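K.L.:
Numbering (the UniProt record's numbering), first residue to last: 1 to 204.
1) For residue 207, which of 115, 45 and 134 has the nearest alpha-carbon?
2) Using a threshold of 8 Å, state whether the C-beta atoms of residue 21 and residue 169 are closer than that.
3) Considering only residues of the same chain and omitting the five flanking positions on each side of residue 214, which have a CB-CB separation below 7 Å?
4) Can you round the beta-carbon distance between residue 147 and residue 86 to whole angstroms, since I take them to be within the 8 Å contact cut?
5) Among 47, 73 and 84, which one has its Cα closest to the Cα of residue 31?
6) Hey, how far is the Cα of residue 139 from the Cα of residue 61?
7) Does the beta-carbon distance from residue 38 to residue 45 come in below 8 Å?
8) Between the Cα of residue 47 and the Cα atoms of 103, 68 and 18, which residue gives the shortest distance?
9) For residue 25 versus residue 174, is the C-beta distance shorter than 8 Å?
10) State buried or exposed for residue 49, treating a residue as buried only when at least 16 other CB atoms are found within 10 Å of its CB.
What follows is the structure in structure tokens.
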């Protein structure tokens, strides 16, 4: 199961053109990054319930075994509503403003889990929390919990948006020096370098 603070490696940051980038180093911010911008135009990577399901799977989140299959339209609607709510909460928190936690708490209340003693595959017994009940709540619950964790415990001086003027992606700066500026050096960092080079070339 994915956790709210799972760091993203360079390998997992790679994505197909029609998939949301996974590079924020925080599940809650990866949620916000399912909306982006391409040449100034808004892009929503969630166009169907299958898009949401694939994104969740990339985050290590799947429906509990034996759960009734989630309706695609309902999954898309609830995931989109959670994203909209999360964006408002994170934006207000970043601006130093307070926000009403009750709508998020209502979503969290639907996420029911119970501890289970299971084998970890290496001969050890471990306690693992397993979701119960509704498949959609089970899948979106960890994402809502990640949003709550970020709002409560996150250092918002490290919660940033990419500095490239054409990019709206968020990230949590976990670098040692806390000087990360770009969603990805391979993407916007290189775009910035190329633009600087062109400016210098014109000036010569």
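Where a beta carbon is used, it is the ideal one built from N, C-alpha and C, also for glycine.
Just so it is clear, the structure is predicted and the values come from calculations on it, not from any experiment.
P.N.:
So, to answer that:
1) Because the chain here runs from 1 to 204, residue 207 falls outside it and cannot be looked at.
2) yes
3) An answer regarding residue 214 cannot be provided, because it is not within the stretch 1 to 204 covered by the chain.
4) 5 Å
5) 84
6) 6 Å
7) no
8) 18
9) yes
10) buried
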